[in-house]
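The numbering of the sequence shown is my numbering, which starts it at 1 and goes up by one.
Each residue gets a CB set at the ideal place from its N, CA and C atoms; glycine is no exception.
Structure record follows, encoded as structure tokens.
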Amino acid sequence: MSRSDRSFNVLAERVFYQPTGSDRLLSAALAPLGWLYGSGMWLRRRLAKRESFGMPIISVGNLVVGGSGKTPFVIALASRYEKVWIVSRGYGRRSRGLVEVSREGEIRAPVEASGDEAMEMARSLPRASVVVCEDRREGIRYAREAGAELILLDDGFNRVEIEKFEILLEPESLPNRRVLPAGPFREFPSTARQADLVLREGRDYRRIVTVEDPGERMVLATSIARPERLDPWLPEGIVARHLLPDHGWFDAEELRILLQRHRADSLLVTGKDAVKMEAFQLPLSVMKLQLEIDSAVFAATDRYLKEYHAT
Numbered sequence: 001m002s003r004s005d006r007s008f009n010v011l012a013e014r015v016f017y018q019p020t021g022s023d024r025l026l027s028a029a030l031a032p033l034g035w036l037y038g039s040g041m042w043l044r045r046r047l048a049k050r051e052s053f054g055m056p057i058i059s060v061g062n063l064v065v066g067g068s069g070k071t072p073f074v075i076a077l078a079s080r081y082e083k084v085w086i087v088s089r090g091y092g093r094r095s096r097g098l099v100e101v102s103r104e105g106e107i108r109a110p111v112e113a114s115g116d117e118a119m120e121m122a123r124s125l126p127r128a129s130v131v132v133c134e135d136r137r138e139g140i141r142y143a144r145e146a147g148a149e150l151i152l153l154d155d156g157f158n159r160v161e162i163e164k165f166e167i168l169l170e171p172e173s174l175p176n177r178r179v180l181p182a183g184p185f186r187e188f189p190s191t192a193r194q195a196d197l198v199l200r201e202g203r204d205y206r207r208i209v210t211v212e213d214p215g216e217r218m219v220l221a222t223s224i225a226r227p228e229r230l231d232p233w234l235p236e237g238i239v240a241r242h243l244l245p246d247h248g249w250f251d252a253e254e255l256r257i258l259l260q261r262h263r264a265d266s267l268l269v270t271g272k273d274a275v276k277m278e279a280f281q282l283p284l285s286v287m288k289l290q291l292e293i294d295s296a297v298f299a300a301t302d303r304y305l306k307e308y309h310a311t
């Protein structure tokens, strides 16, 4: 990524999530474009014909760009059920088409073909299966034919052509509630009413972060959206930061040089980063993220499955 692209991403993240006075003026100037984009998405949703696949499908998604805890939420939900397949797009992967990432915990593709989030889910779920595909309907059909009894659709809220139970995750706070490119929303915020469950971080689910194998001197190396989200859980001992764009790919030699330059014991990474560094043979301190989810959420998904099978 060029320096200009990196600067643009920094500006966009600030306008969307931590706007200053001038950022608010920029957002207001872009608001008409956001209204046009949002109107197009509203029309797309109204005209869509939903396809039923003859099996229960639970979608976990959000309305805003950037992370909101979808991956750990999907992991927590998938761990409760049997014969569950996760269908994801596989953001950031270096492949195209349909790729079976894992089957009941057996890894069947490299991380380059799966993408980081899909591999993290596959590594975390020994009883579940994961497939990635740009066409989610193709991925669902593949999983159904492979024996899936439940589909979890990762980042599926905007897949309006699929009949599903909708779980929508919301950040704890959002100072900018405009639609792209004026703000972080993919659709008008009022679209949240289309979801079956709207869950807010801090109210319905909370993050629990632990650090595995912490070092005394660590270089934070991460490629997640809005890395400042990690700040409340960062341990002491961070001597430098190496931040890449969301789903970015690391260079082993560059990381090795960073460790030497800063006399660091290890790289501090998230689970999503760690799966891309497995072959690097570098010391890692991994931030393990789990979600504490309100029991009412699982009661609602259990009820949906019970009612689905009763019809």
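In this model, Y142 and F53 are separated by some 11 Å (Cα to Cα).
The three-state secondary structure of L234, taken from DSSP, is coil. Per DSSP, the beta-bridge partners of A240 are V219. Under the three-state reduction of DSSP output, K288 falls in the strand class. Below 8 Å, enough C-beta pairs join the region 51 to 68 and the region 156 to 172 to call them touching: three or more. In the same chain as E161, and ignoring 5 residues on each side of it, the C-beta atoms closer than 8 Å to its own belong to A48, K49, R50, E51, R137, in chain order.
By a beta-carbon distance limit of 8 Å, H242 does not contact A264. Their separation comes to about 11 Å.
DSSP places S124 in the helix class (H, G or I) of the three-state scheme.
I224 sits in coil when the DSSP states are folded into three classes, being neither helix nor strand. Scanning the region 251 to 290 for uninterrupted alpha helix (DSSP H) segments of 4 residues or longer gives 252 to 261, 271 to 274, listed from N- to C-terminal end.
In chain order, S59, G61 place their CB closer than 6 Å to the CB of G156, counting only its own chain and leaving out the 5 sequence neighbours on each side. Its Cα nearest to that of C133, the residue G92 stands out among G92, Q281, V239, A12. Assignment of S39 by DSSP, reduced to helix, strand and coil, places it in the helix class. In the displayed model, V198 falls within a strand according to three-state DSSP. The Cβ-Cβ distance between S27 and G183 falls below 8 Å. DSSP lists I151 as the bridge partner or partners of I57.
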